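Participant: Numbering (my numbering), first residue to last: 172 to 474. Quick reminder that beta carbons are idealized off the backbone N, C-alpha and C, glycines included. Computed from a prediction, not measured in an experiment: that's the story for all the values here.
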Ligand SMILES: [Mg+2]
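In structure tokens form, the structure reads like this:
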């Protein structure tokens with residue numbers, strides 16, 4: 172149990188305040204502390220894992236709590252950490268200022284122990300829920316790999332990144348051969364299982380951290396391969412094709428193989444102002460179409 176404790180960071184210039192909060196929270200959480208905003212920033216940037224929640228004092232020498240809160244909320248890396256102000260500033264104006272700085276809650280000193288505990292717990296639960304729904308919204312419910320929405324988002328993101336670094340971006344579009352016939356012959360449940368297996372094979376074979384395998388729609392899948400040239404992308408596509416064949420999922424209605432097979436189209440571009448992500452998709456799609464025309468269960472590359 173202990174190693175799964177969530178972490179809290181208490182930031183307060185008075186050691187006695189830190190001590191009190193630590194006593195209150197240490198049985199449920201791992202509690203870290205910093206006695207200034209500067210030390211807190213150092214601690215956050217040097218630790219491997221971000222705190223799950225921050226309890227923040229307002230009046231501190233140097234950078235004060237409001238300013239630190241704004242800083243953390245403006246930083247992509249730390250902006251989703253909930254921040255609760257714990258302060259002796261008790262006017263409505265102070266509290267409004269706290270919320271405007273991006274805090275999720277505001278507790279005044281002297282505080283009641285059960286209330287601090289309850290608020291910390293509530294905000295950690297809300298954070299976990301947000302993260303859960305964020306993950307769900309990116310997943311395809313049938314196959315568990317990324318969905319179309321996440322694909323679209325990631326393609327734009329990687330497009331910009333590759334354009335900035337002047338690196339190649341490759342895209343594989345692929346499709347299960349004779350999938351409609353598979354469904355008609357084996358039934359929709361078997362069809363779903365087939366898509367799940369194919370998805371996991373594609374996912375396993377696009378394994379670098381920046382690679383992304385997605386269900387593009389129906390029986391169509393897509394793989395984004397950043398910093399990958401045409402030769403590298405062809406290799407990945409061929410690996411996916413042969414691994415799906417090697418799985419030997421029977422397909423009695425296929426005219427190209429006794430087993431389920433994929434047709435794949437590969438396209439590579441160095442992103443610039445002159446081309447668009449839509450054109451990359453269209454050219455990978457055209458290569459996929461060519462793979463279908465040229466006999467299926469094969470990889471073709473866009474020219
Ligand atoms: Mg203080």
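#1: For residue 418, I'd like the list of residues in its chain whose CB is within less than 8 Å of its CB, leaving aside the five on either flank, ordered along the chain.
#2: Beta-carbon within less than 6 Å of residue 172's beta-carbon, same chain only, minus the 5 sequence neighbours each way: which residues are those?
#3: Among 274, 187 and 258, whose alpha-carbon lies nearest the alpha-carbon of residue 242?
#4: Between 390, 383, 338 and 343, which lies nearest to residue 363 when the distance is taken from Cα to Cα?
#5: Quick one: Cα of residue 365 to Cα of residue 252, how far?
#6: Any heavy atom of ligand 1 inside 7 Å of the beta-carbon of residue 230?
#7: What I want to know is whether the C-beta of residue 185 ends up closer than 7 Å to one or more non-hydrogen atoms of ligand 1.
#8: So for residue 172, helix, strand or coil by DSSP?
#9: If you draw a straight line from the alpha carbon of residue 332 to that of residue 285, how long is it in whole angstroms?
#10: Let me check one thing: in DSSP terms, what residues is residue 438 bridge-paired to?
#11: Quick test of the definition: if touching needs 3 or more C-beta pairs under 8 Å, does the region 338 to 351 touch the region 427 to 446?
#12: Return the Cβ separation of residue 441 and residue 338 in integer angstroms, given the expectation that the two are a contact with Cβ distance under 8 Å.
#13: Around the C-beta of residue 519, are 16 or more other C-beta atoms found within 10 angstroms, so that it is buried, or is it exposed?
#14: Look at the alpha carbon of residue 236 and the alpha carbon of residue 298, and state the distance between them as a whole number of angstroms.
#15: Rounding to the nearest angstrom, what Cα-Cα distance links residue 334 and residue 449 in this structure?
#16: Can you tell me the Cα-Cα spacing of residue 412 and residue 469, whole angstroms?
#17: Provide the residue span of the beta strand (DSSP E) that contains residue 202, from first to last.
#18: Straight-line CA distance for residue 461 to residue 471?
#19: Whole angstroms are fine: how far does the CA of residue 262 sit from the CA of residue 268?
#20: Could you give the first and the last residue of the continuous beta strand (DSSP E) run that contains residue 276?
#21: Provide the residue(s) that pair with residue 397 in DSSP beta bridges, ordered along the chain.
#22: Expressed to the nearest angstrom, what Euclidean distance is found between the alpha-carbon atoms of residue 498 and residue 300?
#23: Would residue 183 pass as a contact of residue 228 if the rule is Cβ separation under 8 Å?
#24: Tell me which same chain residues have a C-beta within less than 7 Å of the C-beta of residue 234, skipping the five on either side of it?
#25: Just checking my contact of residue 385 with residue 304 at CB under 8 Å: how many whole Å lie between their CB atoms?
#26: What is the residue span of the alpha helix (DSSP H) that residue 375 lies within?
#27: What residues in its chain sit with their C-beta under 6 Å from that of residue 398, if we drop five residues either side in the sequence?
#28: Beta strand (DSSP E) containing residue 384: first to last residue?
#29: On the premise that residue 191 lies in contact with residue 226, defined as a C-beta separation below 8 Å, what is that separation, rounded to the nearest angstrom?
#30: Quick check: residue 396 and residue 382, are their CB atoms within less than 8 Å of each other?
Facilitator: Here's the rundown:
#1: Counting only residues of its own chain and dropping the five nearest sequence neighbours on each side, residue 418 has a CB closer than 8 Å to the CB of 368, 372, 430 and 431.
#2: Note that residue 172 has pLDDT 44, beneath the 50 cutoff, so the model's placement of it is unreliable and the number below is only indicative. So no residue of the chain qualifies.
#3: If we check each option's Cα against that of residue 242, 274 comes out closest.
#4: 390
#5: Rounded to whole angstroms, the gap between the alpha carbons of residue 365 and residue 252 is 40 Å.
#6: yes
#7: yes
#8: Because residue 172 carries a pLDDT of 44, less than 50, the predicted location of this residue cannot be relied on, and no value is offered for it.
#9: 47 Å
#10: 342
#11: yes
#12: 7 Å
#13: Given a span of 172 to 474 for the chain in the structure shown, any question on residue 519 remains unanswerable.
#14: 21 Å
#15: Roughly 15 Å between the two C-alpha positions.
#16: 7 Å
#17: 201 to 205
#18: 7 Å
#19: If you draw a straight line from the Cα of residue 268 to the Cα of residue 262, it is about 10 Å long.
#20: That run of the beta strand (DSSP E) goes 276 to 279.
#21: 340
#22: Residue 498 is absent from the model: the chain starts at 172 and stops at 474.
#23: yes
#24: 208 and 209
#25: 19 Å between Cβ atoms; not a contact.
#26: 359 to 375
#27: 338
#28: 383 to 388
#29: Rounded, the Cβ-Cβ distance is 11 Å, inconsistent with contact.
#30: yes
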